[in-house]
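In this note's numbering, the protein residues as written are 3 to 478.
Notes for the one structure printed next.
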Ligand code: SF4
Ligand code: SF4
């Protein structure tokens with residue numbers, strides 16, 4: 003197998019599918035999915051019948067502390083591995099054997115609007131129902147994902163749930179812009195002479211399906227909408243699909259037209275997804291620190307209501323709609339005069355908004371990393387106890403009392419992730435400014451750089467506050 007890049011790149015390209023054993027393991031998607039399905043079943047069972055104390059329940063601990071930490075870590079060091087191993091696809095694929103979907107997802111809903119609403123809804127439900135503290139609600143959420151993926155994809159063709167609805171998928175698609183790996187062709191010349199296009203249409207013998215997300219490998223640009231399922235690699239008769247290394251964030255720098263996605267500057271929905279992703283990172287961290295309670299009390303007094311749902315709704319609207327509209331609108335108003343053709347405010351926002359994604363990833367990574375690292379080993383005794391409760395005591399007596407890394411160790415890591423994210427955003431925004439305003443790039447860049455620094459300052463302040471500890475309380 004060749005590891006050569008399809009087009010010249012600044013960095014040497016490695017193809018992980020060409021690495022012996024590793025490549026074979028990556029292509030064994032079903033094995034990973036079955037392992038995740040077994041783990042999911044254990045979580046649901048423990049969430050429903052296990053102890054309803056969050057740090058001692060496998061559902062809450064694994065989902066809200068370890069899964070989220072590992073998810074963002076995997077995205078940063080590799081790519082969309084959790085979509086690759088997604089267990090929701092197993093019952094969905096089984097249902098499709100019984101009934102082939104015949105309908106197409108409505109054209110009006112094909113962008114990211116539904117996915118954005120679903121992502122915000124899950125974040126809203128997380129805060130409103132304290133999902134992190136409720137094992138049974140967490141178990142129901144997992145079951146809801148299984149049911150949603152199965153029902154939607156039993157009716158609609160393609161990977162409708164993954165591409166347009168799944169909140170985890172939308173999160174992964176945005177964050178994977180910063181991943182160092184990308185599915186692409188090995189040799190452009192091989193694709194140029196390929197007539198079957200099996201990576202898209204499926205293997206001629208029906209042994210492997212093509213890309214259900216509508217991505218044609220030779221025209222694919224970046225990780226948006228790619229679940230790393232590697233169906234394309236299994237279907238390609240020329241063994242011409244690579245899981246290749248690349249410069250993280252590279253896809254945010256240019257405005258190339260990618261198969262199934264198009265040009266970012268022509269996709270306002272992708273810009274909104276990136277904006278919601280970034281501001282939700284701040285909001286989600288804000289929900290963990292004590293000033294949020296004072297603010298919520300203030301909102302309740304002003305509204306004259308005791309409804310948590312209403313107060314939280316106002317907080318979400320302020321943080322995910324009003325604040326971004328004001329801040330990005332101001333940055334766009336100040337920069338658009340320098341842009342070629344002096345585009346409108348919305349068009350300016352759509353072009354620059356992707357530059358904020360690296361900072362958003364940094365904030366999510368710092369926040370999730372805090373819970374993951376401070377509760378690192380707590381998963382061990384909780385798993386021992388859950389497996390023993392299931393009648394399989396082979397993991398031994400639970401070793402209660404273990405914790406994780408100290409806050410004095412974790413805080414510098416958090417700050418480092420924030421700084422890296424901000425530097426990444428500044429680099430991407432500078433590239434966008436040079437592309438959109440070749441004559442006056444500094445003038446176009448300055449407002450967006452100021453916005454980045456403002457968001458960085460907010461994130462540093464938030465993560466320097468004492469956080470609610472989740473998953474670190476463990477006594478016998
Ligand atoms: S099937 Fe293989 S060779 Fe043909 S276009 Fe797709 S990746 Fe290229
Ligand atoms: S291009 Fe399509 S088939 Fe290939 S890994 Fe990505 S989502 Fe899967």
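Each residue gets a CB set at the ideal place from its N, CA and C atoms; glycine is no exception.
Find out if the Cβ-Cβ distance for the pair residue 187, residue 242 is shorter than 8 Å. yes
Considering residue 32, what are the terminal residues of the alpha helix (DSSP H) in which it resides? 31-51
Consult DSSP for residue 80 and reduce its assignment to one of helix, strand or coil. coil
Examine ligand 1 and report whether any of its heavy atoms sits within less than 7 Å of the Cβ of residue 88. no
Take residue 140 as the anchor and find which of 52, 216, 162 has the nearest alpha-carbon. 52
So does residue 201 have its beta carbon nearer than 7 Å to some heavy atom of ligand 1? yes
Beta carbon of residue 217 nearer than 8 Å to that of residue 261: yes
Under 8 Å, do residue 427 and residue 357 count as touching if we go by C-beta distance? yes
Does DSSP classify residue 459 as helix, strand or coil? helix
Alpha-carbon to alpha-carbon, residue 194 and residue 348: 37 Å
Are the CB atoms of residue 336 and residue 460 nearer to each other than 8 Å? no
Count the other CB atoms within 10 Å of the CB of residue 110; is the residue buried (16 or more) or exposed (fewer)? exposed
Just list the alpha helix (DSSP H) runs in the segment 304-346, keeping only unbroken ones of 4 residues or longer that don't cross its boundaries, in chain order. 310-319, 325-337
Report the rounded CA-to-CA distance for residue 199 versus residue 80, giving the unit in angstroms. 27 Å
Might you give, ordered along the chain, the residues of its own chain that have their beta carbon closer than 8 Å to the beta carbon of residue 9, omitting 5 neighbours on each side? Confidence is the limiting factor: at residue 9 the pLDDT is only 46, short of 50, which leaves the residue's position unreliable, though a coordinate-based value still follows. Closer than 8 Å at Cβ, skipping near neighbours: 190.
If I measure Cβ to Cβ from residue 271 and keep anything under 7 Å in the same chain, skipping five residues before and after, which residues do I get? 113, 114, 115
With 16 other CB atoms within 10 Å as the buried threshold, where does residue 355 fall? buried
Could you give the DSSP three-state label for residue 264: helix, strand or coil? strand
What does a CB cutoff of less than 7 Å around residue 363 pick up in its chain, not counting 5 residues either side in sequence? 177, 180, 423
Using three-state DSSP, classify residue 17 as helix, strand or coil. strand
CB of residue 35 within 8 Å of CB of residue 87, strictly: yes
Is the Cβ-Cβ distance between residue 465 and residue 296 less than 8 Å? no
Report the rounded CA-to-CA distance for residue 318 versus residue 126, giving the unit in angstroms. 8 Å
Around the C-beta of residue 338, are 16 or more other C-beta atoms found within 10 angstroms, so that it is buried, or is it exposed? buried
Three-state class that DSSP yields for residue 98 in the structure shown: helix
Distance cut-off 7 Å: residue 1 Cβ against heavy atoms of ligand 1: Nothing about residue 1 can be reported from this structure: the residues present for the chain run from 3 to 478 only.
Quick one: residues in its chain with C-beta nearer than 6 Å to the C-beta of residue 104, no 5 flanking neighbours on either side, listed in chain order? none
Quick one: is residue 376 buried, meaning 16 or more other Cβ sit within 10 Å of its Cβ, or exposed? buried
Residue 48 to residue 230 span [Cα, whole Å]: 30 Å
Would residue 93 pass as a contact of residue 152 if the rule is Cβ separation under 8 Å? yes
Minimum C-alpha distance to residue 387 - residue among 138, 45, 22, 31: 45
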